[in-house]
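The structure appears below as structure tokens.
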């Protein structure tokens, strides 16, 4: 009897450990609460340990406007550097003239849009180890780690996965350290459909590095901080439709990765984020 009880307890514990309990839209997530790196193999990695950025893997935006409403700042190549084994992306309060326009601020933007080596697909996991600037309540500038489909739709009508978004935008928490992970979707056939899901607010020690990851499945996207799942979006869950009014579709095909520093007009001093590495994993072949 004791042995039977032991097996029942062990089975129950295993069930709890293997069940997803993190927040999701509608139905339970099929992604683990704790990401198991032992089940995956690494297929791409950049440690940024060369003297310069590897332009085979990445392209750097220069004099680039991403958003139509982008008025105060512009992305320049001077805000993307490699230093001490890190990709360093900065935001500056500096006047720049480009064409007939003047911009008071500059930010950095790098992506893998023109390369296939560091794209990822369904069932892949991507993460970056990042150190973020300390919070300042007067400055709303936002560094980010993003993923956007290759040639899916031109901005501002893509599905955009914001794997890490450092922002103080928050209506409920007294913590100034906000980690945002959400899907942004705007599709002209459905009108303006902007759906944002934020992970539960988490106060992090930003003097240290943390990993920010995303597990992409055909029907689900799950965000991780330091290997712990914080949120999953279930694409075809019928419970989403009445509440949200529309659904985000998870695009097929390759996804490219990127890092940027969105600059707000409150920026006073230069700020930087440090990316120690970025990598892509895929499941190990089944035995």
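In the numbering used here, the protein residues as written are 595 to 881. Ideal Cβ placement from N, Cα and C applies to all residues, glycine included. All values reported here derive from a predicted model rather than from experimental measurement.
Buried or exposed by the 16-neighbour rule on C-beta atoms within 10 Å, applied to residue 630: Indexing the chain shown from 1 puts residue 630 at position 36. By the Cβ neighbour-count rule, residue 630 is exposed, with fewer than 16 other Cβ atoms within 10 Å of its own.
Three-way DSSP call (helix, strand, coil) for residue 748 in this model: Residue 748 sits at position 154 when you count from the first residue of the chain shown. Because the pLDDT of residue 748 is 44, which lies under 50, any placement of that residue in the model is unreliable, and the number read from its coordinates should be weighed accordingly. In the structure shown, the three-state DSSP call for residue 748 is coil.
N- and C-terminal bounds of the beta strand (DSSP E) containing residue 616: Within the chain shown, the letter at position 22 stands for residue 616. Neither: residue 616 is in no beta strand (DSSP E) and is coded neither H nor E.
Three-state secondary structure assigned by DSSP to residue 669: Against the chain shown, residue 669 aligns to sequence position 75. Three-state DSSP puts residue 669 in a strand.
Residues of its chain near residue 623, where Cβ-Cβ distance is below 8 angstroms and the 5 sequence neighbours each way are ignored: As a working mapping, residue 623 is identified with position 29 in the chain shown. In the same chain as residue 623, and ignoring 5 residues on each side of it, the C-beta atoms closer than 8 angstroms to its own belong to 614, 616, 814, 816, 823, 826 and 828, in chain order.
Cβ-based burial, residue 645 [other Cβ within 10 Å; buried from 16]: Within the chain shown, residue 645 is the residue found at index 51, counting from 1. Under this definition residue 645 is an exposed residue.
Range covered by the beta strand (DSSP E) that runs through residue 818: In the chain shown, counting from the first residue as 1, residue 818 sits at position 224. Residues 814 to 819.
Proximal residues to residue 765 (C-beta, below 7 angstroms), its chain only, five neighbours per side dropped: For this step, residue 765 is matched to residue 171 along the chain shown. Because residue 765 carries a pLDDT of 45, less than 50, the predicted location of this residue cannot be relied on, and no value is offered for it.
Cα-Cα separation between residue 732 and residue 672, rounded to whole angstroms: Taking the first residue of the chain shown as position 1, residue 732 is located at position 138. Taking the first residue of the chain shown as position 1, residue 672 is located at position 78. One C-alpha to the other measures close to 25 angstroms.
Classification of residue 636 by the beta-carbon crowding that lies within 10 angstroms, buried from 16 upward: Walking along the chain shown from the start, residue 636 turns up at place 42. Its Cβ having fewer than 16 others within 10 Å, residue 636 is exposed.
Residues bridged to residue 715 [DSSP beta-bridge criterion]: Here the question's residue 715 lines up with position 121 in the chain shown. Paired residue(s): none; residue 715 is not in a bridge.
Three-state class that DSSP yields for residue 687 in the structure shown: The residue labelled residue 687 in the question sits at position 93 within the chain shown. Three-state DSSP puts residue 687 in a strand.
Supposed close pair residue 670, residue 808 - CB separation, criterion 8 angstroms: Along the chain shown, one-based indexing puts residue 670 at 76. Along the chain shown, one-based indexing puts residue 808 at 214. Between residue 670 and residue 808 a beta carbon distance of about 27 angstroms is seen, past the 8 angstroms cut, so the two are scored as non-contacting.
Pair within 8 angstroms by beta-carbon distance, residue 801 and residue 666: On the chain shown, residue 801 is found 207 positions in, with the first residue counted as 1. On the chain shown, residue 666 is found 72 positions in, with the first residue counted as 1. No, they are not a contact pair.
Residue 738 burial status per 10 Å Cβ neighbour count (16 or more: buried): As a position in the chain shown, residue 738 is number 144, starting the count at 1. Residue 738 counts as buried, since no fewer than 16 other beta carbons sit within 10 angstroms of its beta carbon.
Cutoff 8 angstroms; reference residue 805; Cβ partners in own chain excluding five residues on either side: Locating residue 805 in the chain shown gives position 211, counting from the first residue. Contacts found: 721, 722, 723, 724, 818, 819, 820 and 821.
Identified DSSP bridge partners for residue 703: In the chain shown, counting from the first residue as 1, residue 703 sits at position 109. Residue 703 pairs with 854.
Closest Cα partner of residue 878 within the set 684, 861, 633 and 850: For the purposes of this step, residue 878 is identified with residue 284 of the chain shown, where counting begins at 1. Per the Cα distances, 633.
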